[in-house]
Every structure is written in C-alpha cells, then in structure tokens.
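Engineer:
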Amino acid sequence: MSSEYSCPFDDLLTLDFETTCEEGVFDHPVEIIQMSVVVLNITDKLIREDVVFNKLVKPVVNQKLSQYCIELTGIQQDAVDKADIFSVVYQQFLEWLKKHNLDERKFAFACDGRQDMWRLAQYQFLLIKENFPAIFRQWININRIFQDIAKEKYLSIAGRSNLEKMSNFFEIKFEGHAHNAMGDVKFLAQVAKKILDTGRFVTVNETLNCISGWRNVPENIDPNWKSDMHKTHKIIARALPLVSVVRRRAYDPAEDYGICLFCKKSTIDICVGRVHKQYPADMYSQIKDPSDFATVAGLKRD
Numbered sequence: 001m002s003s004e005y006s007c008p009f010d011d012l013l014t015l016d017f018e019t020t021c022e023e024g025v026f027d028h029p030v031e032i033i034q035m036s037v038v039v040l041n042i043t044d045k046l047i048r049e050d051v052v053f054n055k056l057v058k059p060v061v062n063q064k065l066s067q068y069c070i071e072l073t074g075i076q077q078d079a080v081d082k083a084d085i086f087s088v089v090y091q092q093f094l095e096w097l098k099k100h101n102l103d104e105r106k107f108a109f110a111c112d113g114r115q116d117m118w119r120l121a122q123y124q125f126l127l128i129k130e131n132f133p134a135i136f137r138q139w140i141n142i143n144r145i146f147q148d149i150a151k152e153k154y155l156s157i158a159g160r161s162n163l164e165k166m167s168n169f170f171e172i173k174f175e176g177h178a179h180n181a182m183g184d185v186k187f188l189a190q191v192a193k194k195i196l197d198t199g200r201f202v203t204v205n206e207t208l209n210c211i212s213g214w215r216n217v218p219e220n221i222d223p224n225w226k227s228d229m230h231k232t233h234k235i236i237a238r239a240l241p242l243v244s245v246v247r248r249r250a251y252d253p254a255e256d257y258g259i260c261l262f263c264k265k266s267t268i269d270i271c272v273g274r275v276h277k278q279y280p281a282d283m284y285s286q287i288k289d290p291s292d293f294a295t296v297a298g299l300k301r302d
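Each residue of the sequence shown is one higher than the one before, counting from 1 in full-length UniProt numbering.
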C-alpha cells in the first residue's frame, strides 16, 4: 500500500445538503435547510473531527416544514425558524473556509452523487438570484467510484440507498440520523478514506456545464410526469440552466478549476449559470400542469 494517497488535492470536503420536501411530491421547489461539511486531509490521511461546518438554514419560499420532512431529517421547525437564511449561511461557509486555510483551488467536494450540486445547490442560487459559484461547479461523485469498485456486485448489495449499500459493502457502520446532513458527511468521509486507503486514484469526476448534447434531442413528455420521481427529474434536468456531466478528461486543479468544459469560459466571471443556453421551449409547450419547481425559480419565460 502506498504511503501517500493518490489524489491531486490537499483536502477532500465531504458535503451534503438537506432540503424542504413533501412526501410523494417530486416537483417540489426545494430549499436548503441544512449544510454540512467534514474535512479529510490528504497529506495526513486523517478525517479532521476538529474542522466541521454544520449549519441549519431558514427556508423562505416554504417556511413551514412538512411533517414528512421533519420525520425524514430529524430537523425541527423551531430550529430552522431560528436559523439564518441561505445567503447568510453561505457567507459563513466562505469565512469558515478562510479561517481554516482551505483554498478552493486545492480541495474538492465529495458527495454521495450529483444531486447536491446539480439540483440542490444550483436551484438554491437561482432562488436567491445570485450567480452560481465556481466552487460548486466540480466535485467527486463518491457513488460513481463505489459502483466502479463494486462492478457487477452493486445491484445485489443489500440496501435501499447508496449510503446503505456503501455501509454494507465497505463494512462501515452508519451512525447518526439517516437523511441528516451531518451524519451523511461523517459517513462519506469514512468511505472516501477507505477508498483512498486501497491506493485508488480519486479526483473530480463530474462537473456542471452550460450545454450538453443530449438536451438538444426533443423528448415526449408523459402527461403524468409529476407522479413519477424519475420522470420529474427528466423535467428538472431540462429546466435547470446547468447540466451535470461525467468528466472523462483528467482534472487538473491548477488549470481546470472554474472553467466550463463546454464553452471553455470562466465560471467565475462569464459562464455563471444564470442564462439558460438550451432553453427547453418544446418541453414547456407540452406541460399542461405547470412545474412548481420551474415556476418558483423563474425558469420559464413568459
């Protein structure tokens, strides 16, 4: 086993968001209500239990949490009522990074999948009408690496969620409340460390781009799309300005940070995710019952 981790970053920051939700409502305009981050230092091969970010967030659009959301996350209504709104919490996060000398060009976020960046973070910045920051435009999809390691065994591994399957496969006990961001990121940090301990190379494997070829292909929309999670996500994938793509090229932290793979422009100043470069007019023309997700964020043009 190598004495050093095979990873081009100084640190990995496992990140997870929890959001507002309604049981069986897949077109829900999600708002972040918890943001949690745990640091895995690559040089010392150590999960930094002393460097943790965990903040609740007060929702603005749907201020009252559903009972389903409370039971799912363990987050109580009075707790979010006392919390700061997202724009304030995000600034607190940037200050936290600075306090702990965490350079955004020298670390990578590691997430359970693509949802946290592609859907949740992107949508939240649309809600607050701010440019999508470069810091969230690239990440390590831990589940993609996990599936590659497990290969044909993946489907037969016990567990309903990605985290449950990881727990059983890597023999790492999940501690804490399921669907609570703090418990999720602590667990993901252990999984990331376990993967790195095997000597596997770990780097950015997904990014957000302004254009993707598959979105140019028209799609016939099922009239009952709102009742099916997967069909709803197809709508959301076309409604959001930025699209999640698997990165095939090697990622160079010095050269590739903040650069859109499609337009090759800076995501800091130019390609900021506010302009929809593949506006899905054909999709909206087929939708008879308007999308709440798209409407609340102002994604549909008049």
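C-beta: ideal position from N, C-alpha, C; glycine also.
Exposed or buried, what is V61 when buried is set at 16 or more other beta-carbons lying within 10 Å of its beta-carbon?
Structural biologist: Along the sequence shown, one-based indexing puts residue 61 at 61. It is exposed - the Cβ of V61 has fewer than 16 other Cβ atoms within 10 Å.
Engineer: As a quick exercise: from R247, K186, I236, pick the residue whose alpha carbon is nearest that of R48.
Structural biologist: Residue 48 sits at position 48 when you count from the first residue of the sequence shown. The residue with the shortest Cα to Cα distance from R48 is K186.
Engineer: How close, in whole Å, do the beta carbons of R215 and R238 come, if the pair is a contact with beta carbons under 8 Å?
Structural biologist: For the purposes of this step, residue 215 is taken as residue 215 along the sequence shown, with counting starting at 1. For the purposes of this step, residue 238 is taken as residue 238 along the sequence shown, with counting starting at 1. Right, the Cβ-Cβ distance comes to about 6 Å (below 8 Å), so this counts as a contact.
Engineer: In whole angstroms, what is the alpha-carbon distance linking K300 and L240?
Structural biologist: Within the sequence shown, numbered from 1, the residue matching residue 300 stands at position 300. Within the sequence shown, numbered from 1, the residue matching residue 240 stands at position 240. Roughly 10 Å separates the two Cα atoms.
Engineer: In whole angstroms, give me the CA-to-CA distance for V25 and Q115.
Structural biologist: Position 25 of the sequence shown, counted from the start, is the residue given in the question as residue 25. Position 115 of the sequence shown, counted from the start, is the residue given in the question as residue 115. Going from the Cα of V25 to the Cα of Q115 covers about 17 Å.
Engineer: Taking buried to mean at least 16 other C-beta atoms within 10 Å of its own C-beta, is P29 buried or exposed?
Structural biologist: Your numbering for residue 29 matches position 29 in the sequence shown. Buried.
Engineer: Are at least three pairs of beta-carbons, each pair with one atom in the segment 255-262 and one in the segment 120-129, less than 8 Å apart?
Structural biologist: no
Engineer: Using 8 Å as the threshold, is the segment 215-228 in touch with the segment 152-171, meaning 3 or more CB pairs across them?
Structural biologist: Taking a contact to require three or more Cβ pairs closer than 8 Å, the segment 215-228 and the segment 152-171 do not qualify as touching.
Engineer: Where are the beta strand (DSSP E) runs, 3 residues long or more, that stay fully inside the segment 89-171, in chain order?
Structural biologist: 107-111, 138-141
Engineer: Which residue marks the beginning of the beta strand (DSSP E) containing D16, and which one marks its end?
Structural biologist: Along the sequence shown, read from residue 1 onward, the residue named residue 16 stands at position 16. 11-19 is the span of the beta strand (DSSP E), which, as asked, contains D16.
Engineer: Just tell me which of E164, L12, Q67 has its CA closest to the CA of D103.
Structural biologist: As a working note, residue 103 is residue 103 in the sequence shown. The shortest Cα separation from D103 among E164, L12, Q67 belongs to L12.
Engineer: With DSSP as the reference, label I195 as helix, strand or coil.
Structural biologist: Here residue 195 refers to the residue found at position 195 when the sequence shown is read from its first residue. Three-state result, I195: helix.
Engineer: Should T73 go down as buried or exposed, given a rule of 16 or more other Cβ atoms within 10 Å for buried?
Structural biologist: Numbered from 1 along the sequence shown, position 73 holds the residue referred to as residue 73. So T73 ends up on the buried side.
Engineer: Which value, in whole angstroms, describes the spacing of the CA atoms of E255 and T198?
Structural biologist: As a first step, residue 255 is located in the sequence shown; it is residue number 255 there, counting from the start. As a first step, residue 198 is located in the sequence shown; it is residue number 198 there, counting from the start. If you take the alpha carbons of E255 and T198, they lie about 27 Å apart.
Engineer: Can you tell me whether DSSP reads T207 as helix, strand or coil?
Structural biologist: Here residue 207 is taken as the residue at index 207 of the sequence shown, counted from 1. Reduced to three states, the DSSP call for T207 is strand.
Engineer: Measuring CA to CA, which of E130, A79, E95 is closest to V52?
Structural biologist: In the sequence shown, residue 52 corresponds to position 52, counting from 1. For V52, the nearest C-alpha among the options comes from E95.
Engineer: Output the distance between the C-alpha atoms of N180 and F169, rounded to the nearest integer angstrom.
Structural biologist: Walking along the sequence shown from the start, residue 180 turns up at place 180. Walking along the sequence shown from the start, residue 169 turns up at place 169. Near 21 Å, if we compare the C-alpha coordinates of F169 and N180.
Engineer: Indicate the three-state DSSP secondary structure (helix, strand or coil) for K277 in the structure shown.
Structural biologist: On the sequence shown, residue 277 is found 277 positions in, with the first residue counted as 1. Looking at K277 - three-state DSSP - the assignment turns out to be coil, as it is neither helix nor strand.
Engineer: Determine contact between the segment 130-141 and the segment 38-46, defined as no fewer than three beta-carbon pairs at a distance below 8 Å.
Structural biologist: no
Engineer: Let me know the secondary structure DSSP gives R247 once reduced to three states.
Structural biologist: Here residue 247 is taken as the residue at index 247 of the sequence shown, counted from 1. Note: R247 maps to coil in three-state DSSP.
Engineer: Enumerate in chain order the residues of its own chain whose CB-to-CB distance from I287 is below 7 Å, with the five nearest sequence positions on each side excluded.
Structural biologist: To locate residue 287, count along the sequence shown from 1; it is residue 287. Within the same chain, I287 has close Cβ partners I221.
Engineer: Hey, quick one: how far does the alpha helix (DSSP H) through K231 stretch, first residue to last?
Structural biologist: Stepping through the sequence shown from its first residue, residue 231 is reached at position 231. Per DSSP, K231 belongs to the alpha helix (DSSP H) from 229-239.
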